[in-house]
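Numbering (the numbering used here), first residue to last: 56 to 184.
What follows is one structure encoded as structure tokens, with my remarks underneath.
Below is the structure:
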């Protein structure tokens, strides 16, 4: 059986290094938590439609616009999504428009999502009758 012996100074240096690593890891975790909170809290957006109810074969249209705090959202993996009846699609830009192609009633939600949470910014109901 072998025994490992270290001097008091070496042990103290090892503990100091481990402590520094733990504090650094904690700081990184705290930063993403703060960035995520800022991203979610400061994001704004609107989702609107000028024709929310249309008769088939027509299709309702919608527009969105959003403003996200870029640095904090990027640091916390924040992205903008359009949720259509529970199915989320990543939006490539902070503004745009679209056409609801499916029949029936659709609840659209403009959502910002980070690695630590999500927040709904706006919603609109579109119906094809």
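Glycine included, each C-beta is placed from N, C-alpha and C at the ideal position.
Here the structure is a predicted model, which is why all the values come from computation and not from measurement.
message = What does the alpha-carbon distance come out to for the pair residue 156 and residue 180?
response = One C-alpha to the other measures close to 13 Å.
request  = Output the distance between the C-alpha atoms of residue 154 and residue 116, rounded to the nearest integer angstrom.
outcome  = Per the coordinates, the alpha-carbon of residue 154 lies some 4 Å from the alpha-carbon of residue 116.
task = Measure the C-alpha to C-alpha separation of residue 140 and residue 163 and round it to an integer number of angstroms.
result = Distance between the alpha carbons of residue 140 and residue 163: 7 Å.
request  = Can you check the region 107-173 for any alpha helix (DSSP H) of at least 4 residues that lies completely inside it and give the ranges in chain order?
outcome  = DSSP runs (the alpha helix (DSSP H)) wholly in the region 107-173: 125-130.
Cβ-based burial, residue 110 [other Cβ within 10 Å; buried from 16] = By the neighbour-count criterion, in which a residue is buried when 16 or more other Cβ atoms sit within 10 angstroms of its Cβ, residue 110 is exposed.
message = I need the DSSP call for residue 92, collapsed to helix, strand or coil.
response = The answer is helix: DSSP assigns residue 92 an H, G or I state.
query = If you follow the beta strand (DSSP E) that residue 98 is part of, which residue opens it and which one closes it?
reply = Residue 98 -> no beta strand (DSSP E), and no H or E assigned at all.
message = On a Cα-Cα basis, can you pick out the residue from 125, 108 and 158 that is closest to residue 90?
response = Ranking 125, 108 and 158 by Cα distance to residue 90 puts 125 first.
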